[in-house]
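Using numbering that gives the first Met the number 0, you'd call the opening residue of the sequence shown number 0 and step up by one each time.
We put the CB at the ideal spot given by N, CA and C, even for glycine.
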Amino acid sequence: MKRLHVHVAVDDLAASIKFYSTMFAAEPTVTKDDYAKWMLDDPRVNFAISARGASAGLNHLGVQVESAEELAEMNARLQTLEGEVIEEMGTACCYAKSDKYWATDPTGIAWETYHTLDSVPVFGGQEASGCCVPEPTVAKVSNCIPVKAQPAAGGCC
Numbered sequence: 000m001k002r003l004h005v006h007v008a009v010d011d012l013a014a015s016i017k018f019y020s021t022m023f024a025a026e027p028t029v030t031k032d033d034y035a036k037w038m039l040d041d042p043r044v045n046f047a048i049s050a051r052g053a054s055a056g057l058n059h060l061g062v063q064v065e066s067a068e069e070l071a072e073m074n075a076r077l078q079t080l081e082g083e084v085i086e087e088m089g090t091a092c093c094y095a096k097s098d099k100y101w102a103t104d105p106t107g108i109a110w111e112t113y114h115t116l117d118s119v120p121v122f123g124g125q126e127a128s129g130c131c132v133p134e135p136t137v138a139k140v141s142n143c144i145p146v147k148a149q150p151a152a153g154g155c156c
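As structure tokens, this is what we get:
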């Protein structure tokens with residue numbers, strides 16, 4: 000079974016952990032000085048946040064699979080799309096060792112499909128930086144935040 004992956008860059012990790020823990024009614028399953036992750040079953044999502052100097056907002060989206068076979072199936076799908084697919088086998092990123100493929104959607108949002116193999120002690124494996132989203136990086140998602148006073152006939156999302 001696949002699990003949706005969402006990674007958000009944040010400015011204030013502690014405040015964000017408090018917010019998302021309240022929203023999900025669950026504490027993070029992984030907490031580091033610069034990172035937190037919730038592996039939720041309701042909704043079934045791998046939701047991660049990090050405070051590593053990237054612009055705050057959506058970092059990337061992804062699909063986490065449970066087997067090498069599912070990853071191969073996802074790669075076969077990605078290969079039928081127009082655009083580059085970046086392969087990273089045995090890569091260390093986000094405190095995990097994974098096999099993965101990256102693709103960028105038509106609006107510039109990076110999508111990661113991956114199979115986690117193991118955990119690693121630092122965010123980027125042996126390097127403290129060099130992680131995670133390959134160029135081109137994600138486009139900022141904006142102009143779609145509900146506003147309390149927005150008219151009912153407004154055009155958002």
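In whole angstroms, what separates the C-alpha of Asp10 from that of Arg43?
-> Locating residue 10 in the sequence shown gives position 11, counting from the first residue. Locating residue 43 in the sequence shown gives position 44, counting from the first residue. Distance between the alpha carbons of Asp10 and Arg43 is about 25 Å.
Glu183 classed as buried or exposed, judged by whether at least 16 other C-beta atoms fall within 10 angstroms = The shown model of the chain, from 0 to 156, leaves out residue 183, and the question about it has no answer.
Collapsed DSSP secondary structure at Tyr94 in the structure displayed = Locating residue 94 in the sequence shown gives position 95, counting from the first residue. Coil, per DSSP.
Since I believe Glu111 is in contact with Gly61 (beta carbons under 8 Å), could you give me their beta-carbon distance rounded to a whole number of angstroms?
-> The residue given as residue 61 occupies position 62 in the sequence shown. The residue given as residue 111 occupies position 112 in the sequence shown. About 4 Å; that satisfies the 8 Å criterion.
Kindly list the residues whose CB is nearer than 7 Å to the CB of Gln78, restricted to its own chain and excluding five residues on each side of it in sequence; keep chain order.
-> Residue numbering aside, residue 78 sits at position 79 when the sequence shown is read from its first letter. Within the same chain, Gln78 has close Cβ partners Val84.
With a threshold of 16 other CB atoms inside 10 Å of the CB of Leu70, please say whether the residue is buried or exposed.
-> Stepping through the sequence shown from its first residue, residue 70 is reached at position 71. Leu70 is buried by the Cβ-count criterion.
Where Lys31 falls: helix, strand or coil (DSSP) | Residue 31 sits at position 32 when you count from the first residue of the sequence shown. Lys31 falls in the strand class under three-state DSSP.
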